[in-house]
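Protein sequence lines correspond, in order, to chains G and H. So in the numbering used here, the last spot in the first sequence is 595, and the numbers never skip. So in the numbering used here, the last spot in the second sequence is 1152, and the numbers never skip. The beta-carbon is built from N, C-alpha and C at its ideal position, and this holds for glycine as well. One structure is given below, encoded as structure tokens.
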Amino acid sequence: MLIFISVALRAIRQPTRAHTDMTLFFGAVAFVIVVARLAAVVGPMPPWLTAVLVAVLIGLPYILLRLVDDFTHVRSAIKRAAELGLAAGVVATYATAPTVPTLVTIYIVLYFFVVSTFCAVAFIRSARRSRGVTRRRMEAISLGSILLATDILISGLTPLAQVDDRAVLQALGQLLGLGSGIAYYLGFAPPAILRRAWQEPELRAFLARAASLPRLPATLDIVRELERGAANSTGTTARIGLWQEETAKLRFWEDDGTTIELEPGKHFAGRAFELQRPIFSTNPIRDNPDGAAGYRSRNVGAVLAAPITAGERRLGVLTFSAARPPIFAVSDIELAGLLADQAAVILESRALIDHAARVRAREEATRLKEDFLSAAAHDLKTPLTTVVAQAEFLERRATREPTAPADIAGIKRVVRESKRLAGLVGDLLDATRLEQGRLVGEREPVDLATLAQEVCLHDTSNAHVCEVDASAPVVGVYDRRRVEQLLQNLVENAKKYSPERTPVDVKVWQEDGEARVAVHDSGIGIPAADLPRIFERFSRASNVDDRRFHGMGLGLFICRGIVEEHGGRIWVESEVGKGSTFHVALPIADGRRLN
Amino acid sequence: MTGLWAGAPPPGEEPGSRRAVWPELRDEGHNDTVLVVDDDSSILDTVSSILSGEGYEVVSAASGQEALAAVALKQPLVILLDMRMPVMDGWAVARALRNQGISVPIVVMTAAESAKRWADEVGAEGYLAKPFGLDELLTAVERFRGRGGRSN
Chain G
1 MLIFISVALR AIRQPTRAHT DMTLFFGAVA FVIVVARLAA VVGPMPPWLT AVLVAVLIGL
61 PYILLRLVDD FTHVRSAIKR AAELGLAAGV VATYATAPTV PTLVTIYIVL YFFVVSTFCA
121 VAFIRSARRS RGVTRRRMEA ISLGSILLAT DILISGLTPL AQVDDRAVLQ ALGQLLGLGS
181 GIAYYLGFAP PAILRRAWQE PELRAFLARA ASLPRLPATL DIVRELERGA ANSTGTTARI
241 GLWQEETAKL RFWEDDGTTI ELEPGKHFAG RAFELQRPIF STNPIRDNPD GAAGYRSRNV
301 GAVLAAPITA GERRLGVLTF SAARPPIFAV SDIELAGLLA DQAAVILESR ALIDHAARVR
361 AREEATRLKE DFLSAAAHDL KTPLTTVVAQ AEFLERRATR EPTAPADIAG IKRVVRESKR
421 LAGLVGDLLD ATRLEQGRLV GEREPVDLAT LAQEVCLHDT SNAHVCEVDA SAPVVGVYDR
481 RRVEQLLQNL VENAKKYSPE RTPVDVKVWQ EDGEARVAVH DSGIGIPAAD LPRIFERFSR
541 ASNVDDRRFH GMGLGLFICR GIVEEHGGRI WVESEVGKGS TFHVALPIAD GRRLN
Chain H
1001 MTGLWAGAPP PGEEPGSRRA VWPELRDEGH NDTVLVVDDD SSILDTVSSI LSGEGYEVVS
1061 AASGQEALAA VALKQPLVIL LDMRMPVMDG WAVARALRNQ GISVPIVVMT AAESAKRWAD
1121 EVGAEGYLAK PFGLDELLTA VERFRGRGGR SN
């Protein structure tokens, strides 16, 4: 009776279909119980009352079915069948009244049992699909339905039982009925205090994770966590749309990884974003006909959208959707606002972290560029020194002593250093091309063994002995000019860093389907600490003494670029004071281009 | 700041105090020797040929070790010292000279932007920022000519 009054009051305050159905249901239960109690006290009741009682009793499972439909979707065929069953039961009862035959009784009990069981199964399935507070409610309702079905079964069986057992069965039935009533009440119309208690652990879990959310690797990870937290806290499906400045749209991420862009003002999310206030719809198909197809296909019967805003900054929108309006409670609108605020705080923190990271990356890039420019300038200045000073000296000599023989050595120096300058400028351009990944151009079959011979013979200084060890041609499809540059760089490096008249050995062979080249010298070697960075473009850690830095370090950087753009690998083995061996492995053949 | 560097002059020693050393050399007669130290052979050859053409006696060294050996053989009027060299750099040369108690004016040659700072670090009397022109080179060396003995 108390439950009935509580539910009826709620229905008067908020006259919705669900509340009406709940009132009908609990009213019917209360009526049956009261009449039964009265009959037990006063004695046999008049036949008309019995008939009404039976009609109400038969009506109960149908009202229950309507409630199922209020909270989740019930196929109309099932509803029609239940209505037919109800009509048949009522007709049969009245036709045979007052002496109801056993067959009709069995039919009614069976009908009752089947519909209750169906409702129980429907709510269990609904509980499985939902989460948070909704899951608890659905669980309570399914428990109520199971208890009710069992109660009906026992009531039906009572007349068939032994006389001694009837009292026990009746007591059990009443207990089950009471339990079912309470479970239904908690599920269908949970008091605010219970709802809050159910929500609390979810909210607590969400808030506990909130602090760590801004540090998640991707914004999408944060969005997903926020969505999960919001969904669990409200027992609905939650989606976050983030405002995209560049497209001036709200972007939603679907589960399958695709995105949906929504214009502000469109659908509930767009409207909530534009109006900057929460919007709640208990009939989204009517309130937003544009989205009707989507609501039908996704079985959405209620939508709540709240803007995510940090101060003046409109960050996005948080939407909640559920199969039916009663999933939402009035307090959920307020809760949605709080969750949206929490999301705003988290997303804003994320934006600040991102901004700081971008600033750091920009500073780092600027520093690298400055370092690189200063290194490049240094390398260009060295040959330029000879060019400037020597050319001025030649000029002065020619002016003062026009008849003196030409300073051939001085002129040669100017020519050589000018070429060196040109080479450095070429390296700088190559480094730029490399960054754009277009260092390697047209490819053709190249024999590395022959190429290595040519590079070795090209030696002009005669200070080192360059020897090639290759037993057979090793032909691959490469950019000839670039691979030659690669071998030249490696051989020149080997010469540069090893004492005069020590040998530089170049080995070319084939191994495991790869072309292999090894350039070995007996030079100064590379300290182990420098090995990991040896192929990187000059990037100086701030704690490294700038005096120790020599040159741009572009040679090996370009070498690595050439090798990697060919799909190969380059590495070095070195020991200080003993020498270095640079290894190159290139794919041997590229069938696509061989023809 | 300069005291942190091994090549910096010891406290109290002013660059000018080196003059006290030179009168001894003056007794030996004129000293026109310039030691040029650079690992870049073109610069070494260019600077050497220019200074030779101007009447200096030039000793060239392609490394720090060669420079020390040359100084041991004969103290020059001035050392034109490249700073960035493999194995033994300009700082190491300046340090070694001081450790041996040898005081020769140094002019730092470098392409780095920190030329002046580096010159201070090794207690050099001047610096030549690469690329330098003919006149800069001659001026930088000229100012020491009077110190080593009779001027041309």
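Would you verify that the beta carbon of residue i is, or is not, closer than 7 Å to some beta carbon of chain H?
| i | result |
| --- | --- |
| Arg413/G | yes |
| Val455/G | no |
| Val572/G | no |
| Glu417/G | yes |
| Asp545/G | Confidence in Asp545/G is poor, its pLDDT being 38 and thus under 50, which makes the residue's placement too unreliable to answer from. |
| Phe393/G | yes |
| Ala585/G | no |
| Leu384/G | yes |
| His464/G | no |
| Gly369/G | Checking the displayed sequence, the identity of residue 369/G turns out to be Lys instead of Gly. Output row for Lys369/G: interface = no. |
| Val477/G | no |
| Val388/G | yes |
| Lys496/G | no |
Return the CA-CA distance between residue i and residue j, expressed in angstroms with no decimal places.
| i | j | result |
| --- | --- | --- |
| Glu274/G | Val56/G | 50 Å |
| Arg251/G | Val317/G | 10 Å |
| Ser212/G | Leu220/G | 14 Å |
| Phe557/G | Phe535/G | 5 Å |
| Lys419/G | Ala356/G | 45 Å |
| Thr134/G | Val35/G | 34 Å |
| His520/G | Cys466/G | 10 Å |
| Thr102/G | Ser281/G | 49 Å |
| Thr622/G | Gly561/G | Residue 622/G lies beyond the residue range present for chain G, which begins at 1 and ends at 595; the question has no answer from this structure. |
| Ile3/G | Lys266/G | 42 Å |
| Val359/G | Thr366/G | 10 Å |
| Ala518/G | Thr502/G | 17 Å |
| Ser539/G | Arg271/G | With a pLDDT of only 45 at Ser539/G, under 50, the local geometry of the prediction cannot be trusted, and the value read off the model is given with reservation. Using only the alpha carbons, I get a separation of about 51 Å. |
| Val572/G | Glu500/G | 22 Å |
| Thr105/G | Pro46/G | 19 Å |
| Val544/G | Trp1118/H | Confidence at Val544/G is low in this model, with a pLDDT of 36, below 50, so the placement of that residue should be treated as unreliable; the coordinate-derived value is given next. Distance between the alpha carbons of Val544/G and Trp1118/H: 16 Å. |
| Arg17/G | Gly27/G | 15 Å |
| Ala1072/H | Ala409/G | 30 Å |
For chain G, find out if any of its Cβ atoms is closer than 7 Å to the Cβ of residue i; answer yes or no.
| i | result |
| --- | --- |
| Pro1105/H | no |
| Ala1119/H | no |
| Pro1023/H | At Pro1023/H, the pLDDT of 39 sits below 50, so the modelled position is not reliable and the matter cannot be decided from this model. |
| Ile1043/H | yes |
| Pro1076/H | no |
| Lys1130/H | yes |
| Ala1069/H | no |
Looking at residue j and residue i, is the spacing between their C-beta atoms short of 7 Å?
| i | j | result |
| --- | --- | --- |
| Asp1082/H | Val1037/H | yes |
| Ile346/G | Ala208/G | no |
| Val1058/H | Ser1048/H | yes |
| Val1034/H | Val1078/H | yes |
| Ala92/G | Ser116/G | no |
| Val440/G | Arg480/G | no |
| Pro278/G | Gly337/G | yes |
| Val90/G | Gly156/G | no |
| Pro1105/H | Val388/G | no |
| Phe123/G | Ile141/G | yes |
| Gly555/G | Asn489/G | yes |
| Ala269/G | Gly241/G | yes |
| Arg413/G | Thr1046/H | yes |
| Phe320/G | Thr259/G | no |
| Ala515/G | Val474/G | yes |
| Gly476/G | Leu315/G | no |
Cβ-heavy atom distance between residue i and the ligand NAD below 6 Å?
| i | result |
| --- | --- |
| Ser130/G | The ligand NAD is absent from the structure shown, which contains no ligands of any kind. |
List, in order along the chain, the chain A residues whose C-beta lies closer than 7 Å to that of residue i?
| i | result |
| --- | --- |
| Arg396/G | Although the question refers to chain A, the structure presented lacks it and instead comprises the protein chains G and H. |
Under the assumption that residue i contacts residue j (Cβ atoms under 8 Å), give the Cβ distance between them as a whole number of angstroms.
| i | j | result |
| --- | --- | --- |
| Ala1062/H | Lys381/G | Contact flag wrong, Cβ pair sits at about 19 Å. |
| Lys507/G | Asp469/G | 5 Å |
| Ala310/G | Glu348/G | 4 Å |
| Leu226/G | Ala344/G | Leu226/G to Ala344/G, Cβ: 10 Å. No contact. |
| Arg137/G | Gly177/G | About 20 Å; that fails the 8 Å criterion. |
| Ala452/G | Leu421/G | Between Leu421/G and Ala452/G the Cβ distance is about 27 Å, and since that is not below 8 Å, they are no contact. |
Checklist entry - Is the segment 150–158 of chain G touching the segment 109–127 of chain G in the sense that three or more CB pairs, one from each, lie closer than 8 Å? => result yes
Item to check | Sufficient close CB pairs (3 or more, under 8 Å) joining the segment 8–15 of chain G to the segment 33–51 of chain G | outcome: no
Checklist entry - Between the segment 286–302 of chain G and the segment 193–202 of chain G, do at least 3 Cβ pairs fall closer than 8 Å? => result no
Item to check | Stretch pair the segment 20–28 of chain G + the segment 61–75 of chain G: three plus CB contacts closer than 8 Å | outcome: yes
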